Amino acid sequence: MPTLEELALFPNIDGFVDVNAIRVFLIGNLVPTLLGDLYFSLHLRNSKDGGTIVCCIPLLYMWFISHLPQTPAFVENKQCLQWSQRLMSLTNDDIVWYDPSLSSLEIIDSCGEFSNVPLIGTQGGINYNPTLARHQLGFPLRGKPNKTLLEGFFYQEGKDPQHLKQKIVHAWPNVNRKERSELGSRNCVALEAYTLWVKKRAMELKMPYPCERPMSMVVVEPLTLPNQDVEELEDALAKMK
Numbered sequence: 001m002p003t004l005e006e007l008a009l010f011p012n013i014d015g016f017v018d019v020n021a022i023r024v025f026l027i028g029n030l031v032p033t034l035l036g037d038l039y040f041s042l043h044l045r046n047s048k049d050g051g052t053i054v055c056c057i058p059l060l061y062m063w064f065i066s067h068l069p070q071t072p073a074f075v076e077n078k079q080c081l082q083w084s085q086r087l088m089s090l091t092n093d094d095i096v097w098y099d100p101s102l103s104s105l106e107i108i109d110s111c112g113e114f115s116n117v118p119l120i121g122t123q124g125g126i127n128y129n130p131t132l133a134r135h136q137l138g139f140p141l142r143g144k145p146n147k148t149l150l151e152g153f154f155y156q157e158g159k160d161p162q163h164l165k166q167k168i169v170h171a172w173p174n175v176n177r178k179e180r181s182e183l184g185s186r187n188c189v190a191l192e193a194y195t196l197w198v199k200k201r202a203m204e205l206k207m208p209y210p211c212e213r214p215m216s217m218v219v220v221e222p223l224t225l226p227n228q229d230v231e232e233l234e235d236a237l238a239k240m241k
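And the structure:
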């Protein structure tokens with residue numbers, strides 16, 4: 001019988017939990033597989049223009065919420081805005097990018113012959129690019145990333161003509177880590193060159209939602225009048241009486 005943890009972390013639409021999920025628990029470290037399942041499912045559903053994401057949704061939600069503003073205007077959502085409206089209203093300054101508790105951790109930057117980090121999930125394999133995640137570890141994003149570091153791959157279980165799964169298995173014993181000293185001083189900012197690259201990518205990918213800031217997020221400055229104007233208004237009101 002599958003445990004509650006297995007059902008939550010590695011859901012399977014057909015049979016809830018399969019033998020692959022049980023094997024992951026026997027290995028001990030769930031993180032690479034969880035991350036692989038998440039990226040795999042998001043990529044697969046995006047390539048098919050929609051569908052059900054099969055991964056640990058509660059865990060994804062908790063991570064997602066941890067980076068969003070905790071201001072009453074955003075959390076209470078009194079205007080009943082859709083998630084797309086709420087998210088597209090945010091700016092770089094609204095996002096909680098960095099968790100200080102991660103300050104002493106090493107970063108897995110690549111594995112073996114891969115220029116980034118290959119992952120094997122329960123349904124297939126994909127990679128992620130640490131160079132795009134520097135912000136979440138407190139380091140600056142300086143400019144357009146090197147294309148080599150952004151090379152991607154994807155395969156489904158049972159459909160792997162390039163034998164990527166075997167290459168990934170051989171790559172993981174050779175993990176390349178980077179320490180804080182190699183990444184520079186912590187400064188959680190995105191420089192203009194990087195921001196321009198992101199905006200260009202958004203235009204190329206044709207982001208489907210308009211980027212408009214809701215009124216609830218805008219701080220309205222109090223209106224003040226000069227003393228002379230106040231006196232004139234008082235005189236006008238007195239004459240009306």
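Take UniProt numbering: the final residue in the sequence shown is number 241, and no numbers are missing along the way.
By construction, the Cβ of each residue, glycine as well, lies at the ideal position given by its N, Cα and C atoms.
Computed from a predicted model, the values in this text were never measured in an experiment.
From the options, residue whose alpha carbon lies closest to that of residue i
i	options	result
Gly-125	Gly-36, Pro-100, Trp-97	Gly-36
Glu-182	Gln-82, Cys-56, Tyr-155, Leu-105	Leu-105
Cys-56	Ala-73, Phe-40, Leu-34	Leu-34
Leu-149	Lys-167, Asp-109, Asn-77, Tyr-155	Asp-109
Cys-211	Leu-42, Asn-77, Gln-79, Leu-90	Leu-90
Arg-180	Lys-200, Leu-42, Gly-138, Ile-168	Gly-138
Residue i (DSSP reduced to helix, strand or coil)
i	result
Leu-186	Looking at the sequence shown, residue 186 is not Leu but Arg. The answer is coil: DSSP assigns Arg-186 none of H, G, I, E or B.
Gln-123	coil
Met-215	Per-residue confidence for Met-215 stands at a pLDDT of 47, beneath the threshold of 50, marking its modelled position as unreliable; no derived number is given.
Asn-176	strand
Lys-159	strand
Ser-103	coil
residue 292	Since the first and last residues shown for the chain are 1 and 241, residue 292 lies out of range.
Phe-114	coil
Phe-153	coil
Tyr-98	coil
Ile-53	coil
Same chain, Cβ closer than 6 angstroms to residue i, neighbours up to 5 away in sequence not counted
i	result
Gly-51	Arg-45
His-67	Ile-95, Val-96
Pro-140	Asn-187, Val-189
Tyr-155	Gly-124, Gly-125, Leu-164
Val-219	With a pLDDT of 47 at Val-219, under the threshold of 50, the predicted position of this residue should be treated as unreliable, and no value is reported.
Element boundaries [alpha helix (DSSP H), containing residue i]
i	result
Gln-70	Note, Gln-70: premise wrong, no alpha helix (DSSP H); not H, not E.
Ser-41	31-47
Gln-85	83-88
Lys-200	192-205
Lys-147	First-last for Lys-147: undefined, no H or E at that position.
Sequence-distant residues of the same chain with beta carbon closer than 7 angstroms to residue i, five excluded per side
i	result
Gln-136	Trp-97, Tyr-98
Val-117	Ile-108, Ser-110, Cys-111, Asn-127, Tyr-128, Pro-130
Asn-92	Ala-190
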